[in-house]
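Enquirer: Handing you a structure now.
Written as structure tokens, this is what we have:
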């Protein structure tokens, strides 16, 4: 079923306000979830609402706390999210470094004491709107098994990168491991086998049963102190021969730039004691290097050449962003896709908080 | 066979001086090659000398040209390598942004009109020596086939990242594609089959014959205007089910940050007309975010936990940098490993330029 963007936004604004967020914060949080649903990233859209609500009830997320800037240099900022939603602190940080990068050319931010921050691409989009190139990173709960290991330790650690191009920006936005946990859930829901080297058990044997994989991930990500067996593989799959240690390297780079640099929890430690995520954002001004219109034209020409390369008959070559921006156009027109479970949760939350739920079609 | 570090360095300094480089530039170039051989990255060590010499003879590399800074902001610098060796321009750029990052917290450099710059890790090591965290990127000749494509277009595009840790830094340094061309060459020399999903032909069929793979790469990388069939795969291998589009995404990010931002050639265009590579370097000051000793201790503790995770019996878990620093200790003591062909080339170049060749043992 679908609901209209405007109705989704209104509902979310009302819910977040009832949950104790300021009007301004509620608008922003609503925008991040609507944006994810519009771009077809349902795993990070309104279906997360019940989960956020649970963390607010448990006190993991503190809606009244204000994120604050702890320290600044001309090109750097350290932000304390103060245990409120990651989106609020990361927007504050990104807006701050956008200002800075317009003077110095480049700026970075690290956010500590944070929570889930939605899609990483939301912040690279903020940079693009300001005419800048952006990178955004986050650590997560532990889901990912390093090369040769039999237990999860690394986060699925998202990486987003946006660069100006036509008819839409280059937008790379996703987990650094082979697939996100959300993609495994989708297969489990549909009763489909996992089609690639996605997950392993505690003996590092490949798991193709999606429900079994989902159980493994749930244990890895949410059970404190228990023996963890298996998890998601790094990019490169199950075999060292396919360089899965490069996938591990990419994941470790993000662990260092988030949990370590923020002096917060690394992904492995977010299951016990204090639950905190950390984020890293970088923006720079492409206009320093050349005429922005020329850079955009050159990027577009390169991406078009990639799309038009000779290819396997019947297949298409997609460039990062193509899928999201195609879905964006459809979803803006027809409304965003919501599954039954998410709609049911919207109704329950609406009833409890006396917020009217949008019509679906 | 092995030759001692000091003898290798002296030989290279003499050769570069005879080839027309200044004494200072010769010392620096020698250091970059010795450093690669010491860290066990032979593909980027003295065995490249004959290749550099050929490019100097052809006029692709111009030893007397000076790299220069074109433009600066407090956090950014644009450098013109002026068609000299990439190492010279990138050291200039990296030293400049190290200075800047000590004031602003972070700085980036883009280098245009450049050539091969050796190992990307050399520049992140420079940053580490100055107490900073560094990232270095370069594009290359076209070797890599995007998802679903049947022809090479992307570079093998190196990515290096260094972060302070004990007993040695975290050092991720390698091609973003599944394996470097050099690794395929090593298998061809030894007459071994390729053990993983490394290369495909013009029908995107997996190639396991190393010599056939080497021919495919040579055609892709060095033949102008000819139909290109096949090449190296992106990280993720031959199948979309294993998310090889994420590997393509990583490669494209580097194309955008190097060739596009520098307004130079993208990897695909380095085979025709002007042959130029472009580089990107970023450094930031971790001391802004926290006590450097604490950050180093935390990074070390995390990496040690990764090394000690439960694992497949008989296998080890290596963290990026472990291999290189283990080889470094051995090679500093015993001398660097040189194969017969490289030693033969050293003798030929020595004879021609009247430079005495080090003894091997």
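Residue numbers (the numbering used here), protein chains in the order written: chain A, 78 to 438; chain B, 78 to 438. Idealized CB from N, CA, C, for every residue including glycine. None of these values were measured; they are calculated from a predicted model.
(1) Where are the beta strand (DSSP E) runs, 3 residues long or more, that stay fully inside the segment 206-259 of chain A, in chain order?
(2) Which of helix, strand or coil does DSSP assign to residue 446 (chain A)?
(3) Using a beta-carbon distance below 8 Å, is residue 354 (chain A) in contact with chain B?
(4) List the endpoints of the continuous beta strand (DSSP E) containing residue 189 (chain B).
(5) Residues of chain B with a CB under 7 Å from the CB of residue 392 (chain A): which are they?
(6) Rounding to the nearest angstrom, what Cα-Cα distance links residue 293 (chain B) and residue 130 (chain A) in this structure?
(7) For residue 78 (chain B), collect the residues of the same chain with a Cβ closer than 6 Å to its Cβ; drop the 5 residues on either side in sequence, then sort them by chain order.
(8) Report the three-state DSSP secondary structure of residue 131 (chain B) (helix, strand or coil).
(9) Going by DSSP in three states, residue 377 (chain A) sits in which element: helix, strand or coil?
(10) Answer with buried or exposed for residue 299 (chain A), where buried requires no fewer than 16 other C-beta atoms within 10 angstroms of its C-beta.
(11) Using a Cβ-Cβ cut-off of 8 Å, state whether residue 332 (chain B) counts as contacting chain A.
(12) Can you name the residues of chain B whose CB is closer than 7 Å to the CB of residue 401 (chain A)?
(13) Within 8 Å (strictly less), CB to CB, does residue 318 (chain A) reach chain B?
(14) Grab me the residues of residue 422 (chain A)'s own chain with a C-beta within less than 8 Å of its C-beta, minus the 5 sequence neighbours each way, in chain order.
(15) Determine the DSSP secondary structure at residue 155 (chain B), reduced to helix, strand or coil.
(16) Any Cβ of chain B within less than 8 Å of the Cβ of residue 340 (chain A)?
(17) CA-CA distance, residue 290 (chain B) and residue 301 (chain A)?
(18) Check this for me: beta carbons of residue 328 (chain B) and residue 225 (chain B), under 8 Å apart or not?
(19) From this set, B:344, B:378, B:283, B:227, which residue's C-alpha is nearest residue 305 (chain B)'s C-alpha?
(20) Alpha carbon to alpha carbon, how far is residue 85 (chain A) from residue 435 (chain A)? Give it in angstroms, no decimals.
(21) Using C-beta distances below 6 Å, list every residue in its chain close to residue 158 (chain B), excluding the 5 sequence neighbours before and after it, in chain order.
(22) Are the C-beta of residue 218 (chain B) and some C-beta of chain A separated by less than 8 Å?
(23) Shortest alpha-carbon distance to residue 366 (chain A) belongs to which of B:156, B:212, B:231, B:202?
(24) What did DSSP end up calling residue 118 (chain A) once you bin it into helix, strand or coil?
(25) If I'm right that residue 413 (chain A) touches residue 122 (chain A) with Cβ under 8 Å, what's the distance once you round it to whole angstroms?
(26) List the residues of chain B whose Cβ lies closer than 7 Å to the Cβ of residue 274 (chain A), in chain order.
(27) Ends of the alpha helix (DSSP H) at residue 92 (chain B)?
(28) For residue 78 (chain B), name the three-state secondary structure that DSSP assigns.
(29) Please tell me whether residue 116 (chain A) has its Cβ less than 8 Å away from any Cβ of chain B.
(30) With residue 314 (chain A) as the anchor, note down where its alpha helix (DSSP H) starts and where it stops.
(31) Determine, for residue 84 (chain B), whether the minimum Cβ-Cβ distance to residues of chain A falls below 8 Å.
(32) Does residue 153 (chain A) get closer than 8 Å to chain B when you measure Cβ to Cβ?
(33) Starting from residue 322 (chain A), find everything on chain B with Cβ-Cβ shorter than 8 Å and list it in chain order.
(34) DSSP state of residue 149 (chain B), grouped into three classes?
(35) Can you find the residues in the same chain that come closer than 6 Å, C-beta to C-beta, to residue 322 (chain B), ignoring five residues on each side of it along the sequence?
(36) Anything in the segment 247-278 of chain B with a Cβ closer than 7 Å to a Cβ of chain A? List those residues in chain order, please.
Expert: Here's the rundown:
(1) Complete beta strand (DSSP E) runs here, min 3: 210-215, 219-222, 235-240, 247-252.
(2) The structure shown does not extend to residue 446 (chain A), since chain A is modelled only from 78 through 438, so no value can be given for it.
(3) Translated into the one-based positions of the first chain, residue 354 (chain A) becomes position 277. Residue 354 (chain A) is outside the set of residues whose beta carbon lies under 8 Å from a beta carbon in chain B.
(4) Translated into positions along the second chain, residue 189 (chain B) becomes position 112. Start and end: 183-191.
(5) Stepping through the first chain from its first residue, residue 392 (chain A) is reached at position 315. Neighbours of residue 392 (chain A) on chain B, chain order: 225.
(6) The sequence position of residue 293 (chain B) within the second chain is 216, counting from 1. The sequence position of residue 130 (chain A) within the first chain is 53, counting from 1. Whole-angstrom Cα-Cα distance: 55 Å.
(7) Translated into the one-based positions of the second chain, residue 78 (chain B) becomes position 1. Beyond the five residues adjoining it in sequence on each side, residue 78 (chain B) comes within less than 6 Å, by CB distance, of 415, 437 in the same chain, given in chain order.
(8) Counting from 1 along the second chain, the entry for residue 131 (chain B) is found at position 54. Three-state DSSP puts residue 131 (chain B) in a helix.
(9) Your numbering for residue 377 (chain A) matches position 300 in the first chain. Of the three classes helix, strand and coil, the one that applies to residue 377 (chain A) here is helix, per DSSP.
(10) Indexing the first chain from 1 puts residue 299 (chain A) at position 222. Under this definition residue 299 (chain A) is an exposed residue.
(11) Within the second chain, residue 332 (chain B) is the residue found at index 255, counting from 1. Answer yes: the Cβ-Cβ gap between residue 332 (chain B) and chain A drops below 8 Å somewhere.
(12) Residue mapping note: residue 401 (chain A) aligns to position 324 of the first chain, counting from 1. The contacting residues do not exist; residue 401 (chain A) stays about 12 Å from chain B at best.
(13) Position 241 of the first chain holds residue 318 (chain A). Any Cβ of chain B closer than 8 Å to the Cβ of residue 318 (chain A) would place that residue at the interface, and such an atom is present.
(14) Position 345 of the first chain, counted from the first residue, corresponds to residue 422 (chain A). The residues are 124, 126, 127.
(15) Translated into positions along the second chain, residue 155 (chain B) becomes position 78. Three-state result, residue 155 (chain B): strand.
(16) Counting from 1 along the first chain, the entry for residue 340 (chain A) is found at position 263. So, interface residue.
(17) Working through the second chain from its first residue, we reach residue 290 (chain B) at position 213. Working through the first chain from its first residue, we reach residue 301 (chain A) at position 224. One alpha carbon belongs to residue 290 (chain B), the other to residue 301 (chain A), and they sit about 48 Å apart.
(18) Walking along the second chain from the start, residue 328 (chain B) turns up at place 251. Walking along the second chain from the start, residue 225 (chain B) turns up at place 148. Here residue 328 (chain B) is not near residue 225 (chain B), since their CB atoms are 8 Å or more apart.
(19) As a working note, residue 305 (chain B) is residue 228 in the second chain. Considering only alpha carbons, the answer is B:227.
(20) Looking up residue 435 (chain A) in the first chain gives position 358. Looking up residue 85 (chain A) in the first chain gives position 8. The alpha-carbon separation between residue 435 (chain A) and residue 85 (chain A) amounts to approximately 7 Å.
(21) If you number the second chain from 1, residue 158 (chain B) lands on position 81. Only residues of its own chain outside the window of five on either side were considered, and among them 144, 166, 188, 190, 191 have a CB closer than 6 Å to the CB of residue 158 (chain B), listed in chain order.
(22) By one-based count along the second chain, residue 218 (chain B) stands at place 141. It does not; no Cβ of chain A falls within 8 Å.
(23) On the first chain, residue 366 (chain A) is found 289 positions in, with the first residue counted as 1. Residue 366 (chain A) has its Cα closest to that of B:156, out of B:156, B:212, B:231, B:202.
(24) Working through the first chain from its first residue, we reach residue 118 (chain A) at position 41. Assignment of residue 118 (chain A) by DSSP, reduced to helix, strand and coil, places it in the coil class.
(25) Against the first chain, residue 413 (chain A) aligns to sequence position 336. Against the first chain, residue 122 (chain A) aligns to sequence position 45. Yes, they are in contact, since the Cβ atoms of residue 413 (chain A) and residue 122 (chain A) sit about 7 Å apart, within 8 Å.
(26) Here residue 274 (chain A) is taken as the residue at index 197 of the first chain, counted from 1. Per Cβ cutoff of 7 Å: 319.
(27) Taking the second chain and counting its residues from 1, the one referred to as residue 92 (chain B) is at position 15. Counting along the chain, residue 92 (chain B) sits inside the alpha helix (DSSP H) bounded by residues 82-95.
(28) As a position in the second chain, residue 78 (chain B) is number 1, starting the count at 1. Coil.
(29) On the first chain, position 39 is the one that residue 116 (chain A) refers to. Cβ-Cβ to chain B under 8 Å: no for residue 116 (chain A).
(30) Numbered from 1 along the first chain, position 237 holds the residue referred to as residue 314 (chain A). Run containing residue 314 (chain A): none; DSSP gives neither H nor E here.
(31) The residue given as residue 84 (chain B) occupies position 7 in the second chain. Chain A, which has no Cβ nearer than 8 Å to the Cβ of residue 84 (chain B), makes this no.
(32) In the first chain, residue 153 (chain A) corresponds to position 76, counting from 1. Closer than 8 Å to some Cβ of chain B, the Cβ of residue 153 (chain A) qualifies, so yes.
(33) In the first chain, counting from the first residue as 1, residue 322 (chain A) sits at position 245. The contact set of residue 322 (chain A) on chain B, defined by CB atoms closer than 8 Å, consists of 395, 397 in chain order.
(34) Here residue 149 (chain B) refers to the residue found at position 72 of the second chain. In the structure shown, residue 149 (chain B) sits in a strand (DSSP, three-state: E or B).
(35) Working through the second chain from its first residue, we reach residue 322 (chain B) at position 245. Around residue 322 (chain B), the same chain offers 224 as residues with beta carbons nearer than 6 Å, after the five sequence neighbours per side are excluded.
(36) Per Cβ criterion, the list reads 247, 249, 251, 255, 256, 272, 273, 274.
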